[in-house]
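J.: The listed protein sequences correspond, in order, to chains A and B. For what it's worth, my numbering labels the leading residue of the first sequence as 1, then goes sequentially. For what it's worth, my numbering labels the leading residue of the second sequence as 1001, then goes sequentially. Right, I'll just put the structure down here and ask away after.
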Amino acid sequence: MTYAAKNLTTGGRELIAFRVGDQEFCVNIMAVREIRGWTPATPMPHAPSYVLGVINLRGAVLPIVDLSARLGMKPAEPTVRHVIIVAQVKNQVVGLLVDAVSDILTVRDEEIQPTPDISSEFEKTFARGVLAIEGRMICLVELEAVFPHEEREAA
Amino acid sequence: MDMNEIKEIFFQECEEQLAELESGLLKLNDGDRDPETVNAVFRAVHSIKGGAGAFGLDDLVSFAHVFETTLDCVRSNRLEPNQDVLKVMLKSADVLADLTNAARDGGSVDQARSRQLIKELEALANGELPQASAAEPAPKAAAPAPIAAPPVNEEGFQPVAFSFEDFEADEPALIEATCYEIVFRPKSELYAKGNDATLLLRDLSRLGEMSIHCDMDGMPPLDRMNPEAAYFSWKISLTTDKGEDAIRSVFEFAEWDCDLDIALAGGSAVDASEELPMQPVPFDLSLLDEAPAGSADEEEQIAIRDRDAAVSAAETASNVLQMAQSSARVPAEAQKNATAAASAAAQQAASAATPTIRVDLDRVDRLINLVGELVINQAMLSQSVIENDTNGTSSINMGLEELQQLTREIQDSVMAIRAQPVKPVFQRMSRIVREIADMTGKSVRLVTEGENTEVDKTVIDKLAEPLTHMIRNAVDHGLETPEKRLAAGKSAEGTVRLTAKHRSGRIVIELADDGAGINREKVRQKAIDNDLIAADANLSDEEIDNLIFHAGFSTADKISDISGRGVGMDVVKRSIQALGGRINISSKPGQGSVFTMSLPLTLAVLDGMVVTVANQTLVVPLTAIVETLQPEASAIHSFGATQRLISIRNSFCPLVDVGRILNFRATQANPVEGVALLVESEGGGQRALMVDAIQGQRQVVIKSLEANYTHVPGIAAATILGDGRVALILDVDAIVAASRGQSLKPEMSLAAAG
Chain A
1 MTYAAKNLTT
11 GGRELIAFRV
21 GDQEFCVNIM
31 AVREIRGWTP
41 ATPMPHAPSY
51 VLGVINLRGA
61 VLPIVDLSAR
71 LGMKPAEPTV
81 RHVIIVAQVK
91 NQVVGLLVDA
101 VSDILTVRDE
111 EIQPTPDISS
121 EFEKTFARGV
131 LAIEGRMICL
141 VELEAVFPHE
151 EREAA
Chain B
1001 MDMNEIKEIF
1011 FQECEEQLAE
1021 LESGLLKLND
1031 GDRDPETVNA
1041 VFRAVHSIKG
1051 GAGAFGLDDL
1061 VSFAHVFETT
1071 LDCVRSNRLE
1081 PNQDVLKVML
1091 KSADVLADLT
1101 NAARDGGSVD
1111 QARSRQLIKE
1121 LEALANGELP
1131 QASAAEPAPK
1141 AAAPAPIAAP
1151 PVNEEGFQPV
1161 AFSFEDFEAD
1171 EPALIEATCY
1181 EIVFRPKSEL
1191 YAKGNDATLL
1201 LRDLSRLGEM
1211 SIHCDMDGMP
1221 PLDRMNPEAA
1231 YFSWKISLTT
1241 DKGEDAIRSV
1251 FEFAEWDCDL
1261 DIALAGGSAV
1271 DASEELPMQP
1281 VPFDLSLLDE
1291 APAGSADEEE
1301 QIAIRDRDAA
1311 VSAAETASNV
1321 LQMAQSSARV
1331 PAEAQKNATA
1341 AASAAAQQAA
1351 SAATPTIRVD
1361 LDRVDRLINL
1371 VGELVINQAM
1381 LSQSVIENDT
1391 NGTSSINMGL
1401 EELQQLTREI
1411 QDSVMAIRAQ
1421 PVKPVFQRMS
1431 RIVREIADMT
1441 GKSVRLVTEG
1451 ENTEVDKTVI
1461 DKLAEPLTHM
1471 IRNAVDHGLE
1481 TPEKRLAAGK
1491 SAEGTVRLTA
1501 KHRSGRIVIE
1511 LADDGAGINR
1521 EKVRQKAIDN
1531 DLIAADANLS
1541 DEEIDNLIFH
1551 AGFSTADKIS
1561 DISGRGVGMD
1571 VVKRSIQALG
1581 GRINISSKPG
1591 QGSVFTMSLP
1601 LTLAVLDGMV
1611 VTVANQTLVV
1621 PLTAIVETLQ
1631 PEASAIHSFG
1641 ATQRLISIRN
1651 SFCPLVDVGR
1661 ILNFRATQAN
1671 PVEGVALLVE
1681 SEGGGQRALM
1691 VDAIQGQRQV
1701 VIKSLEANYT
1711 HVPGIAAATI
1721 LGDGRVALIL
1731 DVDAIVAASR
1741 GQSLKPEMSL
1751 AAAG
């Protein structure tokens, strides 16, 4: 309630920042349902390489996506230190495997800089902007772009 | 609660009434002549009419009214419910259902059809009347009968009911403005349903001049009073020119919940008019004296008392009328009381039936989900106890065992909540049979058996569509025309038999027709024409029969409205498979075909064999497994480059490496190190599935993969095992299909094609 009120008054938004490899990313906090530790996933046959498998989230079957592999970086080797961000994407719930959750940020829209004009289409599709926080660069990720509907169907 | 919700409840009740109506009519069709059946049918139509009137659904009301009138003729034995009459009535029930649906969902109905039926119904109601009068004993002669036999019984009831009509017909000629003595005794149900005696009386006062006497003698002392019981009755004398029907219509919505006696006063019975008001009084008292004695919530007792009261009313009435010596009034009075007695008896029967409640399906589903969680949690708990328990025989283990039994019991009970008899679906089928039979000009009789067999609601809901397809096919393709049937030495009327039964934890539904059977030559030729099989393919009879399940297959020479577009049986097969079921056909030329569907009782749990494949845990549905065996090296034969066969009792069966097909490992496993599961697949034929090891057998709760992920070819669903991890449930048919060289993405290729 207080967050919402603050958002309304300052026009700011809250983001969850996390580390994947040596880079930092963030997503809208409203999409995040919970954050939990890593548990071994059951692999799925014929799944894309970035889908690690499914886990049991209090009775629901939750697919786990290796965000590192999904974003084109080297596949993660999950350890107990890894974290799963349970996020709502459209009407489905997915688990994102990340190295660690680093911060909760409150930023105003004007602090988000546009994505730099880079050659790779791939980064442009999921990056919605970059943030400069305390000398770090954090990339704002659009989850719906990370899991486009067509691809999920085909997977 | 707004109007729409009330309306929704009305439509829900309509559905029940329609089902009641149809089953009653079918019973009558089978020769049941129980007056209670006729009454049930009448009540169903009457309730629909009443509700529809309240919502201003004029089409429905007017049709129901005509229907009701005709049914009333049957009820009063003026119309013999023979086959022809019932045919019209069954059609009318269909139209009534259509009208109800149209009223709920909008849309229109076949006006011509309903008008035609209204005509037929009216003809039945009117046309049979004179004939009935001639056939039955003369009304005047019948009139004294109740005096001779005052207590209400079957024999007494019937002639009385008949002569009442005669009386009614005479009535307008007798007196212009008639004085009626009305005794109105509401039961507590009347108030419970929100009716108000005041309003009823006020409506009554609009009919004419009226004086009311309220009988408060039944009122118990304050400390013994049940605030929800009904103690008052009213004695009303009403002078009106509207006739008795108008009085009855005032009480139309309340008539099941009150005792209502309407009698003529004055007129020819001048002598008796003084006596008349006196006579009902002791009767009232006897009822009301008793009423406070028993607790009002014991409905059954009340019903018995009501009946007794009604019987005594009948006696009283006949005494009165004996005095009055008015032959015209006798039947009127007696019939009212007889009706009251009958309705009281019916009420008693209804209250004896098991009480039910209406529950939102969502709530049940939530409960089922929770119980599923409980089962999983219980399994996890026992596993961790076993892992941490070093002593072995602690009391925890005993407790856990009991917990396990309890959870299993809870699960079974919860599943039973969702279980419903297949009756509604079967009833719908009888309508489809009638319609198709009409369209094709065939004479068909649908015989249903085991309609009380219970199965999960989801299964029932999803059963209707494939079953409709199959019934259509059976009547349209399966059965021959009456001429052909006669020529083949069969009776002109074809029989379609629909059977449901439980067999080894599944429900088996059989649809048998006694038609010509499958024309295998034609099917084969058609399959060759459509490039489904090679021209020189050597197929067994069973394989040919199963060809009809292929997409785009229809042997009908001409495409009809009903079937023949070739979208039938493959859709049927797919929807049955989607339910985790199997469908088989067996056909004998000249004797008909039998389709056998075997479906799981529930879609929520499944008995499975837990196996290990490439270090992964998988669950194989137990129903698919025929046998398990440990292959020996000598039984494995290589076949071609990659295929291997296993010999089982001198027959060869292809060996399917599950791990390889699911892409869990890159190379084929050594069969000798694993276990083979012999499975039966849809298209007939067996396969041996290779797994690494069998862990055990257990009941698992089915979890959807599609909810958060997507359909995975080769995997039917997921489940959660005792260690809290997700295990995948194998889709055996998809695996077998994949082993035949088809891609493991059958769903999508079909979607792309269609």
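Think of the CB as a built atom: it goes at the ideal place given N, C-alpha and C, for glycine as much as any other residue.
1) So with CB distances below 8 Å, who are the chain B contacts of GLN92 of chain A?
2) Closer than 6 Å by C-beta to GLY1696 of chain B: which residues in its own chain qualify, once you throw out the five before and the five after it? Chain order, please.
3) What does DSSP give as the partner residues of ASN28 of chain A in its beta bridges?
4) If we ignore side chains and look at the alpha-carbon of each, how far apart do THR106 of chain A and GLU14 of chain A end up?
5) Out of B:ALA1192, B:LYS1187, B:LEU1207 and B:GLY1056, point me to the one whose CA is closest to THR1178 of chain B's CA.
6) Using the Cα positions of THR1481 of chain B and ASN1452 of chain B, report the straight-line distance between them to the nearest angstrom.
7) Quick check on this structure: which residue in B:LEU1367, B:GLU1449 and B:PHE1426 has the alpha carbon closest to the alpha carbon of ASP1412 of chain B?
8) Are at least three pairs of beta-carbons, each pair with one atom in the segment 1577-1594 of chain B and one in the segment 1628-1644 of chain B, less than 8 Å apart?
9) Just confirm the distance between the C-beta atoms of ALA1716 of chain B and ILE1729 of chain B, as a whole number of angstroms; I'd bet it's less than 8 Å.
10) When you compare only the Cα positions, how much space is there between LEU1757 of chain B and MET1597 of chain B?
11) Just checking: is the beta-carbon of VAL69 of chain A within a distance shorter than 8 Å of some beta-carbon in chain B?
12) Can you pull the chain A neighbours of PHE1063 of chain B, defined as C-beta to C-beta under 8 Å?
13) Using three-state DSSP, classify MET1690 of chain B as helix, strand or coil.
14) Against chain B, does LEU62 of chain A count as a neighbour if the rule is that its beta carbon must be under 8 Å from one of theirs?
15) Where LYS90 of chain A and GLU1706 of chain B are concerned, what is the direct C-alpha to C-alpha distance, given to the nearest angstrom?
16) Please report whether the beta-carbon of GLU1373 of chain B lies at a distance below 8 Å from any beta-carbon of chain A.
17) Restricting to Cα atoms, I'd like to know which of B:ASP1259, B:PRO1355 and B:ILE1236 is closest to ALA1265 of chain B.
18) With a threshold of 8 Å between beta carbons, is VAL107 of chain A in contact with chain C?
19) For SER1634 of chain B, name the three-state secondary structure that DSSP assigns.
20) Run the CB neighbour count on MET1398 of chain B, radius 10 Å, all protein chains shown included, and call it buried at 16 or more, exposed below.
21) Under three-state DSSP, which class holds GLU77 of chain A?
22) Under the rule that 16 or more other beta-carbon atoms within 10 Å means buried, what is THR1100 of chain B, buried or exposed?
23) What residues of chain A sit near ALA1535 of chain B, judged by a beta carbon separation below 7 Å?
24) Report the option in B:ALA1734, B:HIS1711, B:VAL1701 and B:ASN1708 whose CA atom is closest to the CA atom of ALA1727 of chain B.
25) May I have the straight-line CA-CA distance separating ASP1203 of chain B from ALA1263 of chain B, to the nearest angstrom?
26) Ignore the nearest five residues each way along the sequence and tell me which others in HIS1046 of chain B's own chain have a CB closer than 7 Å to its CB.
27) Are the C-beta of HIS82 of chain A and some C-beta of chain B separated by less than 8 Å?
28) Which of the residues in the segment 1596-1630 of chain B, read from start to end, lie with their CB under 8 Å from any CB of chain A?
29) With 16 other CB atoms within 10 Å as the buried threshold, where does LYS74 of chain A fall?
30) Could you tell me the boundaries of the beta strand (DSSP E) in which THR1407 of chain B lies?
31) Should GLU54 of chain A be flagged as near chain B, meaning a C-beta pair shorter than 8 Å?
32) Thinking just about the alpha-carbon of each residue, which of B:GLN1525, B:LYS1457, B:VAL1074 and B:PHE1639 is nearest to the one in LYS1423 of chain B?
33) So, for LEU1662 of chain B: in the same chain, excluding its five sequence neighbours on each side, which residues have a beta-carbon less than 6 Å away from its beta-carbon?
34) What number of angstroms, rounded off, separates the C-alpha of GLY95 of chain A from the C-alpha of ASP22 of chain A?
35) In or out: THR1198 of chain B buried (at least 16 other Cβ within 10 Å) or exposed?
36) Please state the DSSP three-state secondary structure of LEU1645 of chain B.
T.: So, from the data block:
1) Here residue 92 of chain A is taken as the residue at index 92 of the first sequence, counted from 1. Neighbours of GLN92 of chain A on chain B, chain order: ALA1707, ASN1708 and TYR1709.
2) Counted from its first residue, the second sequence places residue 1696 of chain B at position 696. Excluding the 5 residues flanking it on each side, GLY1696 of chain B has same chain C-beta neighbours closer than 6 Å at VAL1610, in chain order.
3) Here the question's residue 28 of chain A lines up with position 28 in the first sequence. The partner list for ASN28 of chain A (beta bridge, DSSP) reads A:LEU15.
4) In the first sequence, counting from the first residue as 1, residue 106 of chain A sits at position 106. In the first sequence, counting from the first residue as 1, residue 14 of chain A sits at position 14. Note on geometry: alpha-carbon atoms of THR106 of chain A and GLU14 of chain A lie some 4 Å from one another.
5) If you number the second sequence from 1, residue 1178 of chain B lands on position 178. If you compare the alpha carbons of B:ALA1192, B:LYS1187, B:LEU1207 and B:GLY1056 with that of THR1178 of chain B, the shortest gap goes to B:LEU1207.
6) As a first step, residue 1481 of chain B must be located in the second sequence, where it is residue number 481. As a first step, residue 1452 of chain B must be located in the second sequence, where it is residue number 452. Here the alpha carbons of ASN1452 of chain B and THR1481 of chain B stand approximately 32 Å from one another.
7) For this step, residue 1412 of chain B is matched to residue 412 along the second sequence. The shortest C-alpha to C-alpha distance from ASP1412 of chain B to any of B:LEU1367, B:GLU1449 and B:PHE1426 is the one to B:LEU1367.
8) With the cut-off at 8 Å, the segment 1577-1594 of chain B and the segment 1628-1644 of chain B do not touch.
9) In the second sequence, counting from the first residue as 1, residue 1716 of chain B sits at position 716. In the second sequence, counting from the first residue as 1, residue 1729 of chain B sits at position 729. Contact holds; Cβ gap of about 5 Å.
10) Beyond the ends of chain B as shown, which are 1001 and 1754, falls residue 1757 of chain B; an answer cannot be given.
11) Here residue 69 of chain A refers to the residue found at position 69 when the first sequence is read from its first residue. Just to set this straight, residue 69 of chain A is Ala in the shown sequence, not Val. Interface annotation, ALA69 of chain A: not in contact with chain B, CB-CB separation never under 8 Å.
12) The residue you call residue 1063 of chain B lines up with position 63 of the second sequence. Ordered by position in chain A, no residue passes the 8 Å Cβ test against PHE1063 of chain B, which lies about 44 Å from the chain.
13) If you number the second sequence from 1, residue 1690 of chain B lands on position 690. When secondary structure is reduced to three states using DSSP, MET1690 of chain B falls in the strand class.
14) Counting from 1 along the first sequence, the entry for residue 62 of chain A is found at position 62. At a cut-off of 8 Å between C-beta atoms, LEU62 of chain A counts as an interface residue with respect to chain B.
15) Sequence index remark: in the first sequence, residue 90 of chain A carries index 90 (1-based). Sequence index remark: in the second sequence, residue 1706 of chain B carries index 706 (1-based). Rounded to the nearest angstrom, the two C-alpha atoms are 14 Å apart.
16) On the second sequence, position 373 is the one that residue 1373 of chain B refers to. Chain A, which has a Cβ nearer than 8 Å to the Cβ of GLU1373 of chain B, makes this yes.
17) To locate residue 1265 of chain B, count along the second sequence from 1; it is residue 265. When only C-alpha atoms are compared, the closest one is B:ILE1236.
18) Structure shown: chain C not included; protein chains present are A and B.
19) As a working mapping, residue 1634 of chain B is identified with position 634 in the second sequence. When secondary structure is reduced to three states using DSSP, SER1634 of chain B falls in the helix class.
20) In the second sequence, the residue the question calls residue 1398 of chain B occupies position 398. Counting Cβ neighbours within 10 Å, MET1398 of chain B comes out exposed, since fewer than 16 surround it.
21) One-based indexing of the first sequence puts residue 77 of chain A at position 77. GLU77 of chain A falls in the coil class under three-state DSSP.
22) Walking along the second sequence from the start, residue 1100 of chain B turns up at place 100. With a 10 Å radius around the Cβ and a threshold of 16 neighbouring Cβ atoms, THR1100 of chain B comes out buried.
23) As a position in the second sequence, residue 1535 of chain B is number 535, starting the count at 1. Within chain A, no residue has its beta carbon less than 7 Å from that of ALA1535 of chain B; the closest one is some 35 Å off.
24) Here residue 1727 of chain B is taken as the residue at index 727 of the second sequence, counted from 1. Checked all of B:ALA1734, B:HIS1711, B:VAL1701 and B:ASN1708; the closest Cα to ALA1727 of chain B is B:VAL1701.
25) Translated into the one-based positions of the second sequence, residue 1203 of chain B becomes position 203. Translated into the one-based positions of the second sequence, residue 1263 of chain B becomes position 263. Our two residues, ASP1203 of chain B and ALA1263 of chain B, have alpha carbons roughly 18 Å apart in a direct line.
26) Stepping through the second sequence from its first residue, residue 1046 of chain B is reached at position 46. If the five residues before and after HIS1046 of chain B are omitted, its C-beta is found closer than 7 Å to the C-beta atoms of GLU1068, all from its own chain and listed in chain order.
27) To locate residue 82 of chain A, count along the first sequence from 1; it is residue 82. No - not a single Cβ of chain B is within 8 Å of the one on HIS82 of chain A.
28) Listed in chain order, the positions of the segment 1596-1630 of chain B with a beta carbon within less than 8 Å of a beta carbon of chain A are GLN1616 and THR1617.
29) Numbered from 1 along the first sequence, position 74 holds the residue referred to as residue 74 of chain A. Taking a 10 Å sphere around the C-beta of LYS74 of chain A, we find fewer than 16 other C-beta atoms and assign the residue as exposed.
30) Locating residue 1407 of chain B in the second sequence gives position 407, where the first residue counts as 1. Element bounds for THR1407 of chain B: not the beta strand (DSSP E) but the alpha helix (DSSP H), 1395-1418.
31) On the first sequence, position 54 is the one that residue 54 of chain A refers to. Looking at the sequence provided, one finds Val at residue 54 of chain A rather than Glu. Proximity of VAL54 of chain A to chain B, defined by a Cβ-Cβ separation below 8 Å, is satisfied.
32) In the second sequence, counting from the first residue as 1, residue 1423 of chain B sits at position 423. The candidate whose alpha carbon is nearest that of LYS1423 of chain B is B:LYS1457.
33) In the second sequence, counting from the first residue as 1, residue 1662 of chain B sits at position 662. The beta carbon of LEU1662 of chain B lies closer than 6 Å to those of GLY1714 in the same chain, with the five residues before and after it left out.
34) Within the first sequence, the letter at position 95 stands for residue 95 of chain A. Within the first sequence, the letter at position 22 stands for residue 22 of chain A. Rounded to the nearest angstrom, the two C-alpha atoms are 20 Å apart.
35) Translated into the one-based positions of the second sequence, residue 1198 of chain B becomes position 198. Burial check for THR1198 of chain B: the Cβ neighbour count within 10 Å stays below 16, so the residue is exposed.
36) Here residue 1645 of chain B refers to the residue found at position 645 of the second sequence. Three-state result, LEU1645 of chain B: strand.
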